[in-house]
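Working notes, structure below.
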């Protein structure tokens, strides 16, 4: 398992200013392996604040 913990700055409808982000690779970091990201929007596009977000996918290139 690989875990990366960092900070996220993003501004495009949703806004994240210096928010924590965690990226988890539960197997390894290879093509087809799963990846999960967890972060929090400072302000979502609907105006809600401190909205938690989770996304999952797969590594498709290295």
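Numbering (this note's numbering), first residue to last: 5 to 66.
Ideal Cβ placement from N, Cα and C applies to all residues, glycine included.
Bear in mind that the values here come from a model prediction, so they are computed numbers and not experimental data.
Nearest candidate by alpha-carbon position, reference residue i, set the options
| i | options | result |
| --- | --- | --- |
| residue 13 | 34, 39 and 43 | 43 |
| residue 15 | 7, 39, 48 and 29 | 48 |
| residue 59 | 65, 66, 34 and 39 | 39 |
| residue 52 | 10, 11, 17 and 8 | 17 |
| residue 37 | 8, 64 and 9 | 64 |
| residue 68 | 6, 23 and 31 | Any answer about residue 68 is impossible in this case: the structure gives the chain only from 5 up to 66. |
C-beta atoms of residue i and residue j nearer than 8 angstroms
| i | j | result |
| --- | --- | --- |
| residue 41 | residue 20 | no |
Close beta carbons around residue i, own chain, < 8 angstroms, minus the five adjacent residues each side
| i | result |
| --- | --- |
| residue 35 | 63, 64, 65 and 66 |
6 angstroms CB neighbourhood of residue i in its chain, flanking five on each side removed
| i | result |
| --- | --- |
| residue 25 | 10, 12 and 43 |
| residue 28 | 7 and 40 |
| residue 31 | 37 |
Own chain residues within Cβ distance below 7 angstroms of residue i, not counting five before or after
| i | result |
| --- | --- |
| residue 33 | 6 and 63 |
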